[in-house]
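So in the UniProt record's numbering, spot 93 of the sequence shown is number 93, and the numbers just go up one at a time.
We treat Cβ as the ideally placed atom computed from N, Cα and C, and that holds for glycine.
The structure presented is a predicted model; accordingly, all values stated were derived computationally and were not measured.
A short write-up of the structure that comes next.
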Amino acid sequence: MAGHQHTWQAGSTHQLPAAAAGPAGPRTSTAKGDVICYYGNRGEPDPIVLTPGTYGLSNALLETPWRKLCFGKQLFLEAVERSQALPKDVLIADLLDVLNNEEAQLPDPAIEDQGREYVQPILSKYSAVCVRCPGYGTRTNTIILVDADGHVTFTERSMLDKDPSHWETSTHEFTLQS
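Now the structure itself:
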């Protein structure tokens, strides 16, 4: 789940560590869920092999314990719990609601101590899952659903012209090849 910009490097020439390699050598993320790795431009120099589970990612390293990240992750898990009873379009709307939650998650010393001079004036907005500030904040939301048959629904909601009152949503559907 991501509400802010984040860095994932896919298709990089960087080789996965030996722990991620099987008999045929290194593997990448697949629809069958063989290996999922986290790799960013900060933190660990090598990709981190993730065990099955739910991970939160904000404008920081994976699983940074910000209150807004923990809150967003909880909202996400609640949406997933309800997902089996929902039509796909309602699930997507629920997930977009999670990513656009502007409820301040204060106090949060981890956020308050980060970049004090910059963050302090916008702290109540910066501490929300969805940040809406002039010149800074959430500008794109992406929802990717993959069903058991490999059918993918990719929905992206993007801010137009840096105007938080104008958004465009596009959806693309396709089937993964085996």
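Give me, in chain order, the residues of the same chain whose beta-carbon lies closer than 8 angstroms to that of residue i; leave out the 5 immediate sequence neighbours on both sides.
i: lysine 125; result: Glu102, Ala104, Val131, Arg132, Cys133 and Gly137
i: leucine 61; result: Gly40, Arg42 and Gly43
Look at the alpha carbon of residue i and the alpha carbon of residue j, and state the distance between them as a whole number of angstroms.
i: aspartate 46; j: proline 65; result: 21 angstroms
i: lysine 68; j: asparagine 100; result: 12 angstroms
i: threonine 171; j: valine 98; result: 18 angstroms
i: glutamine 84; j: glutamate 78; result: 12 angstroms
i: aspartate 89; j: asparagine 59; result: 27 angstroms
i: arginine 139; j: valine 146; result: 24 angstroms
Using DSSP with H/G/I as helix, E/B as strand and the rest coil, what is residue i?
i: aspartate 163; result: strand
i: residue 179; result: Here the chain covers residues 1 to 178 and nothing more, so residue 179 does not appear.
i: leucine 145; result: strand
i: valine 152; result: strand
i: cysteine 70; result: helix
i: valine 35; result: coil
Apart from the five residues on each side of it in sequence, which residues of its chain come closer than 7 angstroms, Cβ to Cβ, to residue i?
i: proline 164; result: Arg132
I'd like the list of long-range same chain contacts for residue i, defined as Cβ closer than 6 angstroms, with 5 residues on each side in sequence excluded.
i: histidine 151; result: Thr175
i: isoleucine 143; result: Ile92, Leu95 and Thr155
i: leucine 106; result: Ser127
Give the single residue among the options whose Cα lies nearest to the Cα of residue i.
i: aspartate 149; options: Glu156, Ser178, Lys162 and His172; result: Ser178
Do residue i and residue j have their C-beta atoms closer together than 8 angstroms?
i: cysteine 70; j: leucine 50; result: no
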